[in-house]
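One structure is given below, encoded as structure tokens.
Chains as they are written, first to last, in the numbering used here: chain G, 1 to 491; chain F, 492 to 1085.
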């Protein structure tokens, strides 16, 4: 057994080693960097099962802002799996990168080595965030993630779309970070503490400024919600999502859509949790529910009109944030034996699998057929039955067909909302799910019913096949037997 | 270890279906390996009297939890032995019978899937799980009946079997839900506790719930009026008929009744069950006397014997029903496999009038078929004799009218079997196929011999007791039952032999019976009338209500909103920052000032 923070250290060291190595790898092919990253992260993933928290009586300062609980460990694994898959995708996406990096014939790999190791730093940030329980460490981890994303989003420097996405993400991201950190300072000012557990304890004390000045407390929470709303792409802070998702290199879009969102929810849950059992709970819950309803509705309805698969998934990602917020909104009132942490983890776990499969397919299609429009998927079932098959599973899971992870996640969210009697939001969510069926199955229709314009097929490497099949298996297994994840979080 | 019973066939089915399907022989041996291993495990469990009942939570939603759990008791252990023994022998027989089939891989994959589903039914500890496997059994039966899907008849038969079963299963589901509501549980052991109270509290509704449950058995065990699928199901490969449509799956209904025997004793509705069984037994035996297809005769015989079992279950004695199920599984599987050997030797000729004189050409098949026939018609000292005595005794003690019906069936059974036996094995070969027939190879002979041995010894207490423990009925049979049994046997067999000895065609053709009382035709007309009426209604609803109001209205609303939201996305950063700011103000307003 080793202390859990060794994992982050290992990931950072791995990233640094690969950074140095990058200089010595032939410019012809930088894929070695990504492959070593994948192997290294797999080792870290395995060692995740052999870590421990503080021993009895160990009060080293690190433990005051570093949590080792089921939630932390689950989301560390989550970050690792996501990063591994993003690296695999980046291998499949190399030809596009080469094109937009302006590499010449002799040195096609020039300038794309960074693309293969930068995700490791993001990963380390995500892992820290999973454990962060102090507003300082939360902020630092969040910024580590965001800053590496700024670089990655704008990575294809000869591509106007990517650059534009980078600028938009940078400016709006900086704006939201400003609000977030402002909210944190208010919280610190009111409580005098940076450690979340101490803030929660202070809430019970009637002399605390947080209790005496509820408006001030609500204001700080509002600022924090603005910052996190940006990360998780909730209405009205979703505005950047379609453009940035579309412009960024596809593996990074996948990373943003899964990693960044999950991190936002972990932090959100950790910060908000004490306030759900408190005098500000009614206002907080009302706001979260309002945002959730708007997010579900806007995400799903806007997706209906999309013809570009990447934009479609961007809106889909917004709508899933809405469902997760609905789960979060049930924190204060649910009585069910499944708890909010469990349902969020289950939902995000399924979301990881199905979203990454969809983006993986998109990477391959973009790299080899040169398009991200739905029309490129016409007749894919005849040209590349494997790709069409895995994308079919991902789509029906995103839509929420029974026996998939997507269904189970939604089912528990609906169940909790029913127990909490949030009937208005449930009605909105039902409309959202209905619209979802339409646009997800639109992709399926293109693949299976429409005729192909040509008979170009897509080559798939064994590594990618294994990765996609693993995710498909995960979708099905979670869809039939979600209990392990729920048990992980059972009290 | 009991989990292996479920996992092995599932893995075998997946591996053979997904990986090795192209390689038929390899698939066959994977499938055989899995069924052999489950046989060993079942026998071990019976010997050790394992009754650990492992379970884990599958779904927890609110106060409701659904378990995947196994029941291990004398009943399920014994049933597992039946399923795996017959299953193994049928797998072995199939090695020979399906040797030249082009899609052997698919065939064995389906067999493994069937073994998985059947095991699930037998071991399930709650109704939800049983229902899932119940449906899975339906699917695998569908796949196997339609194995030769390039021909029209198997496809039609598969469809018919599936749909007919669905009707029964619908009732089954309603029954499950009703009983769940009444007893507050779907786990068998918990239902047993709440059943008496529920029966007292709900009166007639309880009886209706039990009858709905029985609908499931009516479908799966092919009782009147849903019996029509079973004779048609004979279009499938003959080993499948032996395994699924004679020994195991069709017995699932009877098994289910035995599993919930505590419900049957609480309500008068059980009388209905007994009558359905008796009528089926009689009807099927009558129809069997006029069939010309060897497999159809055996199929109607199966129907008739299943009717016996259901009757016994309805009269409250499920142990007797299970005992007959157990002996019947052995000798009927034997008869079907024997028929398979004959059909195989006669180049897929199934008309008994095209056979004849096979006794000399296929001595092993002849001998084993004779033993199977003897057991079916209940010749003393064969297994069928013991179980049929018990059935007759149950009927005698329970209801005298039913006893008379059972006695008539006991007369008809030896009659139609002697007809079959005489026509197929004696006289001259009546077609060149029959004249060229040769004894089958040893891989097919072996299961016949094993089953023949089992058909004789299975009824004795020392064997039956091993399999079913205390559940085997022992009772002194009064002489009137014994006399009836022996008298009907002698009369029926003699009449059959005399009438059909040396004949080359039907001596007493009765079209009405040969055409199964025209029930199939009646169903077709009824279904068509009903379908047309519903279809017309649905079409009107669809064009006038759904299309105009629901679809077009919703679609245009959604599309309008969609393009509205799309317009927000102007792509201009200043505008985005502005909207972001508006959002911040909105959030602060809502949270702090609203």
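For every residue, glycine included, the Cβ atom is placed at its ideal position computed from N, Cα and C. Note that this is a predicted model, so its numbers are computed, not measured.
(request) Quickly, what does DSSP pair residue 558 of chain F with across the bridge? List them, please. (result) Locating residue 558 of chain F in the second chain gives position 67, counting from the first residue. Note: residue 558 of chain F sits in a beta bridge opposite F/548.
(request) Determine which residues share a DSSP beta bridge with residue 617 of chain F and list them. (result) To locate residue 617 of chain F, count along the second chain from 1; it is residue 126. DSSP lists F/678 as partners of residue 617 of chain F.
(request) Could you work out which residues of chain G lie near residue 1050 of chain F, taking near to mean beta carbons separated by less than 8 Å? (result) By one-based count along the second chain, residue 1050 of chain F stands at place 559. Near residue 1050 of chain F (Cβ distances below 8 Å), the residues of chain G are 304 and 305.
(message) Just to confirm, is the Cβ distance from residue 163 of chain G to residue 154 of chain G under 7 Å?
(response) Translated into positions along the first chain, residue 163 of chain G becomes position 163. Translated into positions along the first chain, residue 154 of chain G becomes position 154. Yes.
(message) For a contact defined as C-beta to C-beta under 7 Å, what are the partners of residue 1057 of chain F on chain G?
(response) One-based indexing of the second chain puts residue 1057 of chain F at position 566. The contacting residues are 302 and 305.
(request) Determine the direct distance from the alpha carbon of residue 900 of chain F to that of residue 832 of chain F, and round the result to whole angstroms. (result) As a first step, residue 832 of chain F is located in the second chain; it is residue number 341 there, counting from the start. As a first step, residue 900 of chain F is located in the second chain; it is residue number 409 there, counting from the start. One C-alpha to the other measures close to 27 Å.
(request) In angstroms with no decimal places, state the Cα-to-Cα distance between residue 160 of chain G and residue 15 of chain G. (result) Locating residue 160 of chain G in the first chain gives position 160, where the first residue counts as 1. Locating residue 15 of chain G in the first chain gives position 15, where the first residue counts as 1. Between residue 160 of chain G and residue 15 of chain G, the C-alpha separation is close to 28 Å.
(request) Take residue 912 of chain F as the anchor and find which of F/627, F/886, F/953 and F/786 has the nearest alpha-carbon. (result) Sequence index remark: in the second chain, residue 912 of chain F carries index 421 (1-based). It is F/786.
(request) On the DSSP bridge assignment, give the partners of residue 51 of chain G in chain order. (result) Taking the first residue of the first chain as 1, we reach residue 51 of chain G at position 51. Note: residue 51 of chain G sits in a beta bridge opposite G/2.
(request) Report all residues from its chain with a CB closer than 6 Å to the CB of residue 805 of chain F; omit the five preceding and five following residues, and keep chain order. (result) Position 314 of the second chain, counted from the start, is the residue given in the question as residue 805 of chain F. Around residue 805 of chain F: 761, 764, 765 and 768.
(request) Just the C-alpha distance for residue 340 of chain G and residue 188 of chain G, rounded to the nearest angstrom, thanks. (result) Numbered from 1 along the first chain, position 340 holds the residue referred to as residue 340 of chain G. Numbered from 1 along the first chain, position 188 holds the residue referred to as residue 188 of chain G. The alpha-carbon atoms of residue 340 of chain G and residue 188 of chain G are separated by roughly 26 Å.
(request) Starting from the C-beta of residue 947 of chain F, find all residues in its chain whose C-beta is less than 8 Å away, skip the five residues before and the five after it, and write them out in chain order. (result) Along the second chain, one-based indexing puts residue 947 of chain F at 456. Closer than 8 Å at Cβ, skipping near neighbours: 862, 866, 872, 873 and 874.
(request) Kindly indicate which three-state DSSP category residue 769 of chain F falls into: helix, strand or coil? (result) Taking the second chain and counting its residues from 1, one reaches residue 769 of chain F at position 278. In the structure shown, residue 769 of chain F sits in a helix (DSSP, three-state: H, G or I).
(request) Grab me the residues of residue 152 of chain G's own chain with a C-beta within less than 6 Å of its C-beta, minus the 5 sequence neighbours each way, in chain order. (result) The sequence position of residue 152 of chain G within the first chain is 152, counting from 1. Cβ neighbours of residue 152 of chain G beyond the five flanking positions: 118 and 252.
(message) Pop quiz: residue 942 of chain F and residue 580 of chain F are said to be a contact at Cβ under 8 Å. What is the actual Cβ separation, rounded to whole angstroms?
(response) One-based indexing of the second chain puts residue 942 of chain F at position 451. One-based indexing of the second chain puts residue 580 of chain F at position 89. So it is a contact: roughly 6 Å between Cβ atoms.
(message) Distance check for residue 896 of chain F and residue 972 of chain F, CA to CA, integer angstroms please.
(response) For this step, residue 972 of chain F is matched to residue 481 along the second chain. For this step, residue 896 of chain F is matched to residue 405 along the second chain. Rounded to the nearest angstrom, the two C-alpha atoms are 13 Å apart.
(message) As a quick exercise: from F/835, F/777, F/803 and F/905, pick the residue whose alpha carbon is nearest that of residue 888 of chain F.
(response) Reading the second chain from its first residue, position 397 is the one you call residue 888 of chain F. Out of F/835, F/777, F/803 and F/905, F/803 has the C-alpha closest to the C-alpha of residue 888 of chain F.
(request) Determine the direct distance from the alpha carbon of residue 704 of chain F to that of residue 664 of chain F, and round the result to whole angstroms. (result) Here residue 664 of chain F refers to the residue found at position 173 of the second chain. Here residue 704 of chain F refers to the residue found at position 213 of the second chain. Whole-angstrom Cα-Cα distance: 7 Å.
(request) Look at the Cβ atom of residue 89 of chain G, then the Cβ atom of residue 360 of chain G, and state whether they are nearer than 7 Å. (result) Taking the first chain and counting its residues from 1, one reaches residue 89 of chain G at position 89. Taking the first chain and counting its residues from 1, one reaches residue 360 of chain G at position 360. Yes, they are a contact pair.
(request) Could you name each continuous alpha helix (DSSP H) segment of 4 residues or more that falls completely within the stretch 983-1062 of chain F, going from the start of the chain to the end? (result) 1002-1005, 1010-1031 and 1043-1059
(message) Taking the alpha-carbon of residue 834 of chain F as reference, which of F/856, F/1045 and F/919 has the nearest alpha-carbon?
(response) On the second chain, position 343 is the one that residue 834 of chain F refers to. Comparing Cα-Cα distances from residue 834 of chain F to each of F/856, F/1045 and F/919, the minimum goes to F/856.
(message) Give me, in chain order, the residues of the same chain whose beta-carbon lies closer than 6 Å to that of residue 72 of chain G; leave out the 5 immediate sequence neighbours on both sides.
(response) Start at 1 with the first residue of the first chain, and residue 72 of chain G comes out as number 72. 130 and 131.
(message) By the DSSP assignment, the alpha helix (DSSP H) with residue 330 of chain G in it spans what residues?
(response) As a working mapping, residue 330 of chain G is identified with position 330 in the first chain. Where residue 330 of chain G is concerned, there is no enclosing alpha helix (DSSP H), given that its DSSP letter is neither H nor E.
(request) Round the Cβ separation of residue 471 of chain G and residue 391 of chain G to the nearest angstrom and send it over; I've been treating them as touching at under 8 Å. (result) Your numbering for residue 471 of chain G matches position 471 in the first chain. Your numbering for residue 391 of chain G matches position 391 in the first chain. Actually they are not in contact, since the Cβ atoms of residue 471 of chain G and residue 391 of chain G sit about 11 Å apart, beyond 8 Å.
(message) Is the separation between the beta-carbon of residue 495 of chain G and that of residue 315 of chain G shorter than 7 Å?
(response) Nothing in the structure corresponds to residue 495 of chain G, since chain G is present only between 1 and 491.
(message) For the alpha helix (DSSP H) containing residue 722 of chain F, name the first residue and the last one.
(response) Taking the first residue of the second chain as 1, we reach residue 722 of chain F at position 231. Per DSSP, residue 722 of chain F belongs to the alpha helix (DSSP H) from 720-723.
(request) Could you spell out where the alpha helix (DSSP H) holding residue 445 of chain G opens and where it closes? (result) For the purposes of this step, residue 445 of chain G is taken as residue 445 along the first chain, with counting starting at 1. Where residue 445 of chain G is concerned, the enclosing alpha helix (DSSP H) stretches over 423-448.
(request) Measure from the alpha carbon of residue 484 of chain G to the alpha carbon of each residue in G/468, G/449 and G/405, then state which is nearest. (result) If you number the first chain from 1, residue 484 of chain G lands on position 484. It is G/405.
(message) For residue 883 of chain F and residue 893 of chain F, I'd like the C-alpha separation in whole angstroms.
(response) Translated into the one-based positions of the second chain, residue 883 of chain F becomes position 392. Translated into the one-based positions of the second chain, residue 893 of chain F becomes position 402. Approximately 9 Å between the Cα atoms of the pair.
(request) Alpha carbon to alpha carbon, how far is residue 983 of chain F from residue 891 of chain F? Give it in angstroms, no decimals. (result) Counting from one through the second chain, the residue named residue 891 of chain F turns up at place 400. Counting from one through the second chain, the residue named residue 983 of chain F turns up at place 492. So the two alpha carbons sit approximately 21 Å from each other.
(message) Quick check: the stretch 588-596 of chain F against the stretch 523-533 of chain F, are at least 3 beta-carbon pairs closer than 8 Å?
(response) no
(request) For residue 66 of chain G, name the three-state secondary structure that DSSP assigns. (result) Residue 66 of chain G sits at position 66 when you count from the first residue of the first chain. Looking at residue 66 of chain G - three-state DSSP - the assignment turns out to be strand.
(message) I need the DSSP call for residue 164 of chain G, collapsed to helix, strand or coil.
(response) Position 164 of the first chain, counted from the first residue, corresponds to residue 164 of chain G. Helix, per DSSP.
(request) Please decide whether residue 611 of chain F counts as near chain G, where near means a Cβ-Cβ distance under 7 Å. (result) As a first step, residue 611 of chain F must be located in the second chain, where it is residue number 120. Output row for residue 611 of chain F: interface = no.
(message) Is the beta carbon of residue 397 of chain G closer than 7 Å to that of residue 388 of chain G?
(response) Here residue 388 of chain G refers to the residue found at position 388 of the first chain. Here residue 397 of chain G refers to the residue found at position 397 of the first chain. Not closer than 7 Å, so no.
(request) Taking residue 687 of chain F as the reference, give the member of F/668, F/736, F/755 and F/723 with the closest Cα. (result) Walking along the second chain from the start, residue 687 of chain F turns up at place 196. Residue F/755 is the option with its Cα nearest to residue 687 of chain F.
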